[in-house]
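In my numbering, the protein residues as written are 912 to 1179.
Where a beta carbon is used, it is the ideal one built from N, C-alpha and C, also for glycine.
Quantities reported herein were computed from a predicted structural model and do not represent experimental measurements.
Contents: one structure, followed by commentary.
Written as structure tokens, this is what we have:
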């Protein structure tokens, strides 16, 4: 039987993941997932582990006040309040999208600037300022927060085991930053799915996920592997025209609660 075996969210884009026992869904995927982002202060361009590997060491957790608590080794934790919807808007760029979103303020900006090592700002995306998903996939009105292209990423546990075997060492699931992990399927069975149901919520499987150099960053240390693994192996046996594929991007067609252990049904 297929079941949901793990849930992860990433409150701050490209920073530490947060394992969850249960999570709600809204129109942008998991509640609270990738609603915050770091940007270069001068250009507004988004920052990620692709250019700042130490972001893997930055923890960002939702706090009881509805804001974010930032912490990292060697840095005092700081609480960041949710910016008001009419707060100063900052122009930012994430891939091909340009938008204006609330800035979290100077105190947060100073903290993240010190951590990153250059002038940096922290921004937040409200539901009413969401981006549309990658063109050519899904529906025209599908939306996403600060995730790369789609609101959710699913990976089968057996797929990770298959890749680990080929690489020759155990790989951490968090290297691949999924939201949903499914167990009970064959390796890469998710490649054939078009629609699934978890609990009472249906999901469309819209596009395989092309992987980048970020997969070579050890989530515990922030260091890149010298042998370019696991990306090198993925490029050998999971290559498609758009890149090396691992995992499937999803869009939820409803709202509700997810909990580890829920059965997963393949509808199509």
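Item	Value
Where does residue 878 land, buried or exposed, given buried means 16+ other C-beta within 10 angstroms?	In the structure displayed, the chain extends from 912 to 1179; residue 878 sits before or after that span and is not available.
The alpha helix (DSSP H) with residue 925 in it runs from where to where?	Taken as a continuous stretch (DSSP letters only), residue 925 belongs to no alpha helix (DSSP H), as it is neither H nor E.
Between residue 917 and residue 1101, what straight-line distance do the alpha-carbon atoms span, to the nearest angstrom?	15 Å
Taking three-plus beta-carbon pairs below 8 Å as touching, is the segment 1103-1114 in contact with the segment 1134-1149?	no
Per the DSSP calculation, residue 1010 is bridged to which residue(s)?	1003
What whole-angstrom Cβ distance do residue 955 and residue 1001 have, given they're in contact under 8 Å?	6 Å
Of the residues 1070, 1068, 1037 and 1066, which one's Cα is nearest the Cα of residue 1054?	1037
Quick check: the Cα distance between residue 1076 and residue 988, rounded to an integer number of angstroms?	39 Å
Between which residues of its own chain and residue 994 is the CB-CB distance below 6 Å, once the five residues before and five after are set aside?	1013, 1015 and 1035
So, at 6 Å on beta carbons, what are the nonlocal neighbours of residue 1152 in its own chain, with the 5 sequence-adjacent residues on each side left out?	none
Give every residue of the same chain whose Cβ lies closer than 6 Å to the Cβ of residue 1019, excluding the five residues on either side of it in the sequence, and list them in chain order.	991 and 1033
Taking only runs of the alpha helix (DSSP H) that begin and end inside the segment 1007-1067, which ones reach a length of at least 4 residues, in chain order?	1017-1027
Across which residues does DSSP place residue 1118 in a beta bridge pair?	1160
On the DSSP bridge assignment, give the partners of residue 951 in chain order.	1031
Sort 972, 1149, 1040 and 975 by Cα distance to residue 997 and report the nearest one.	1040
On a Cα-Cα basis, can you pick out the residue from 964, 1099, 1170 and 1148 that is closest to residue 1090?	1170
Taking the alpha-carbon positions, what's the residue 1071 to residue 1052 distance?	32 Å
For residue 973, which of 1129, 931 and 913 has the nearest alpha-carbon?	931
Look up residue 1099 in the DSSP assignment and say whether it is helix, strand or coil.	coil
Identify the continuous alpha helix (DSSP H) that holds residue 1168 and give its terminal residues.	Element bounds for residue 1168: not the alpha helix (DSSP H) but the beta strand (DSSP E), 1167-1170.
Hey, how far is the Cα of residue 982 from the Cα of residue 1066?	28 Å
Could you round the C-beta distance between residue 1064 and residue 1160 to whole angstroms and report it? I think they count as a contact, below 8 Å.	6 Å
Beta carbon of residue 1106, beta carbon of residue 1178: below 8 Å?	yes
For residue 966 and residue 980, I'd like the C-alpha separation in whole angstroms.	15 Å
Nearest to residue 1092 by CA position, among 924, 925, 933 and 927, is which residue?	933
To which residues of the same chain is residue 976 closer than 6 Å at the C-beta, ignoring the five residues directly before and after it?	none
Taking a contact to mean a Cβ-Cβ separation below 8 Å, would you say residue 1009 touches residue 959 in this structure?	no
Mind checking whether residue 947 and residue 969 have CB atoms under 8 Å apart?	no
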